[in-house]
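Each remark here refers to the structure printed beneath this line.
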Amino acid sequence: MSTVVADGVPAKIPPVASPVDEDPVKIASNISYHAHYSPHFSPFKFEPEQAFYATAESVRDRLIQQWNETYFHYHKLDPKQTYYLSMEYLQGRALTNAIGNLNVQGGYADALNKLGHELEEVVEQEKDAALGNGGLGRLASCFLDSMATLNLPAWGYGLRYRYGLFKQRIGKDGQEESAEDWLEKFSPWEIVRHDIVFPIRFFGQVEVQPNGARKWVGGEVLQALAYDVPIPGYKTKNTNSLRLWEAKAVSEDINLFEFNDGQYETAAILHSRAQQICAVLYPGDATENGKLLRLKQQFFLCSASLQDIILRFKERKVGKGTRSWSEFPDKVAVQLNDTHPTLAIPELMRLLMDDEELGWDEAWEVTTKTIAYTNHTVLPEALEKWSQAVMWKLLPRHMEIIQEIDKRFIEMVKSTSPDLEHKLSSLCILDNNPQKPVVRMANLCVVSSHSVNGVAQLHSDILKAELFVDYVSIWPTKFQNKTNGITPRRWLKFCSPELSQIITKWLKTDEWVTNLDLLVNLRKFADNEELQAEWKSAKLANKKRLAQYILRVTGVDIDPNSLFDIQVKRIHEYKRQLLNILGVIYKYKKLKEMSDEERKNTTPRTVMIGGKAFATYTNAKRIVKLVNDVGAVVNTDPQVNNYLKVVFVPNYNVSVAEMLIPGSELSQHISTAGMEASGTSNMKFALNGCLIIGTLDGANVEIREEIGEQNFFLFGATADQVPKLRTEREKGLFKADPRFEEAKKFIRSGAFGSYDYNPLLDSLEGDTGYGRGDYFLVGHDFPGYMEAQTKVDEAYKDSKRWTKMSILSTAGSGKFSSDRTISQYAKEIWNIKDCPVP
Ligand code: 26V
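Everything in the sequence shown is counted per the working numbering, starting at 117 for the first residue and increasing by one.
This is the structure we're talking about:
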């Protein structure tokens, strides 16, 4: 333990309050300043945790300076600006990213050394901001990084959840969830904006004004308070904003009479309701209350963000006098990250008509030109449908507007596309099925947006050919593809500095960090022995670091010389972690049946699986339990454990991914074809020189095209074969591979303990009461999967060949930069231009 005083830091390095240049001595003095005057900790201690907060506050000073300059620059130039509306952001840790983007890595590392700390240790103190579930939230965060790096005037809007995605622990019954208290101390990155507050109404009724105008009144009114998180671009001054809303009650909403009367709960009822809104990401929606809360969250985000956007539009008149509303789409683009922020559509209509007094046609023109929608899934159970009754109660004026949009859409189809009339019952927005009348949010988005996009070519093709096929004939040019991407800063430069340095050395430039296509120039060195040796040693260093981490969090000692095989993502049946573990089980059984000599000829493997199962998703939780049970048996079996280990990596999140991905050699992206919209971890793994075993699904298709089919272990049914295979399965025409049967039987025999796996295994049979036996076609794809795995084992034995494939994976990853994705959104959907801060 070191203290500031004992180190003599204040004496040697006098605290300096203002942000500083790159001189480590001055940086150290600024860190000391924050440590010393911080109201959060005693100034007499300077342990790693205090060092983290003081360092973060020092870095934040720089960010705030750039962030203010950026705001004023945008305000002065008044360019068209994009607003990304998302219910999820998976920001992860911010310190390494901020220091790296500001390009002050060396200065801060030296400064912390002077203060008795290591930067690596200090950054580990930060908790992940996990305000999201999985790929959709992480995509939003990668997009923010690219938007700032490309100097685009673009902001994110989201909710400031008090508790993010749950913390996962593995107990004797499998996954256990607990609250993730990311704000336990405080977040040094958020700036509360007491000047930015908007009223948000719920419930109430619609009142007709004397002039016939309609007005939403009554109900309960809460406040949305802004918290800004600065988003620095890489090596640029532009620092954008992620604005997160928090719900508050108005101060008069405490009834002092009731309070003094001892009725504390009723006195503060609105305070308590306000707290509920941003309490947790994804409140369980099994109950009516849960559904209502989730809808309130969505509306809260949309209403606060749009009021803010409109205010900014009005403020930025730049000498042009009053603005005309028809200019709004020339200044504002709103991107809906899936259907979660769909209520932005009726809310913008309402604000324009009821508050700004535009007529329907004018408001509709502005709204449709402003809003664009991204679809992130074709799974029917994930397509949002809200009960009309709940919507009428919570948002009566919005329901009137949605009804009117639907009515006009139906009229339009009848008059312009009479051949589609018989399809109207599925095309229209309100599903008036008397059993369960609902609002179909995706339909509302398609009807009301000027652009609809999927997130990988195959996914966009499926949208056009299936889910939205009839809309395509109405609006042939509305549908687009924008293949996802990932930020090369976080996902290569910062998480794997060793490999990054090698790439920079061989490319003779570090420009690849902002122009990822340059990686293609590595191809010509793929056989070079010197590069191969450096590449292997960097990968080995990353594997050793990962092995230490695994030992620390699981107690399992893994061999860095074995093949590191990783599957990390949310646990879902369509992602088929079950296929992976069944393959492992079969392999384990065969290893046990082999002689010692035979085992020695196999390729030693460490299989790591990680991810969170939604708390109420029983089968996903059974899969987590199975992986853990298999690990417990295999890892302690002395006959086998030199050749095979199985690790469940607990509490998978962004920081854990930053540790796992650089150390990976093979990763599994094995969803049933047609079901994974894109996937983005596949891109992160490939970028880090990891080979992929996968199906022709989502972005795998394009990754394989880019890196070359000989460098991709492909197996499985294709998306267009899937429907027929399912029908055959239902008709009992499927003949199971004996290896598949053997693996299942082995589990049922109790080889992995006494837990009842029958319900999970039954879901793989064609004749169960589950209604859709082996819907995900694990049985069909099993033999192909096993053969692909055999090819993996063979390829790994030839280290030169494997290393070449690894280099070619990185070399072929240029397309998957989120800089490319965002440039396409900017040009082809938002029509915005960069606006670099001088
Ligand atoms: C949500 C749910 C909720 C109910 C149970 C079933 C289910 C299945 C899927 C989903 C996903 C909703 C949207 C989503 O997160 N999509 C992901 O978006 C990523 C970024 O575009 C993409 O890479 C992933 O493939 C896609 O699953």
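The C-beta atom is built at its ideal place from N, Cα and C for all residues, glycine as well.
Reduced DSSP secondary structure (H/G/I, E/B, other) of residue i
i	result
Tyr733	coil
Arg513	helix
Val555	strand
Phe319	coil
Trp305	coil
Lys931	helix
Pro135	coil
Glu336	strand
Thr490	strand
Leu231	coil
Gln166	helix
Phe584	coil
Gln115	Given a span of 117 to 954 for the chain in the structure shown, any question on residue 115 remains unanswerable.
Met791	coil
Phe157	coil
Leu961	The requested residue 961 is not part of the displayed model; the chain covers only 117 to 954.
Pro348	strand
Lys652	helix
Tyr690	helix
Ile578	helix
Distance between residue j and residue i (C-alpha atoms, nearest Å)
i	j	result
Ile945	Asn548	33 angstroms
Glu713	Thr722	20 angstroms
Phe314	Ile487	21 angstroms
Ala957	Leu372	Missing from the structure shown is residue 957; the chain here goes from 117 to 954 and no further.
Val333	Trp271	30 angstroms
Glu374	Ala383	5 angstroms
Val762	Val894	20 angstroms
Arg917	Thr834	28 angstroms
Ile809	Ser929	16 angstroms
Lys509	Gly320	8 angstroms
Val324	Arg330	5 angstroms
Gly287	Arg317	43 angstroms
Trp298	Glu646	44 angstroms
Glu857	Val908	23 angstroms
Ser612	Leu807	16 angstroms
Asn717	Met710	10 angstroms
Leu386	Tyr702	57 angstroms
Residue range of the unbroken beta strand (DSSP E) whose run includes residue i
i	result
Trp298	Neither: Trp298 is in no beta strand (DSSP E) and is coded neither H nor E.
Gly699	Run containing Gly699: none in the beta strand (DSSP E); it sits in the alpha helix (DSSP H), 693-709.
Tyr941	Looking at the DSSP string, Tyr941 is not in any beta strand (DSSP E); the run it does join, the alpha helix (DSSP H), is 934-941.
Trp622	Per DSSP, Trp622 belongs to no beta strand (DSSP E); it is in the alpha helix (DSSP H), 613-623.
Tyr199	197-201
Glu362	355-364
Ser567	567-570
Ala245	245-247
Gly208	205-208
Val672	Here Val672 belongs to no beta strand (DSSP E), and DSSP marks it neither H nor E.
Asn376	Looking at the DSSP string, Asn376 is not in any beta strand (DSSP E); the run it does join, the alpha helix (DSSP H), is 372-376.
Cutoff 8 angstroms: residue i Cβ touching any chain D Cβ
i	result
Tyr733	You won't find chain D in this structure, because it holds only one protein chain.
Segment limits, alpha helix (DSSP H) that includes residue i
i	result
Ile393	385-393
Ile215	211-218
Leu255	251-265
Ala802	797-803
Lys412	404-431
Thr906	894-913
Met775	770-776
Closer than 7 angstroms: residue i CB and nearest the ligand FMN heavy atom
i	result
Val817	Among the ligands present in this structure, namely the ligand 26V, the ligand FMN is not found.
**Asked** Do the stretch 607-623 and the stretch 641-653 meet, that is, are 3 or more Cβ pairs less than 8 angstroms apart?
**Response** yes
**Asked** For the 8 angstroms Cβ check, are there 3 or more pairs between the stretch 784-804 and the stretch 814-821?
**Response** yes
**Asked** Can at least three beta-carbon pairs, one atom from the stretch 205-214 and one from the stretch 729-745, be found at a separation below 8 angstroms?
**Response** no
**Message:** Three Cβ pairs or more, each shorter than 8 angstroms: is that satisfied between the stretch 660-671 and the stretch 823-840?
**Reply:** no
**Contact between the stretch 737-756 and the stretch 774-782 (3+ Cβ pairs under 8 angstroms)** = no
**Message:** Does the stretch 909-926 come into contact with the stretch 163-176, if we say contact requires no fewer than three beta-carbon pairs (one atom in each stretch) closer than 8 angstroms?
**Reply:** no
**Asked** Given 8 angstroms as the limit, is there contact between the stretch 242-256 and the stretch 176-195, that is, 3 or more CB pairs closer than that?
**Response** no
**Prompt:** How about the stretch 592-607 and the stretch 837-845: do they share at least three Cβ pairs that are nearer than 8 angstroms?
**Reply:** no
**Request:** Specify whether the stretch 499-517 and the stretch 454-473 touch according to this definition: at least 3 beta carbon pairs, one from each stretch, less than 8 angstroms apart.
**Result:** yes
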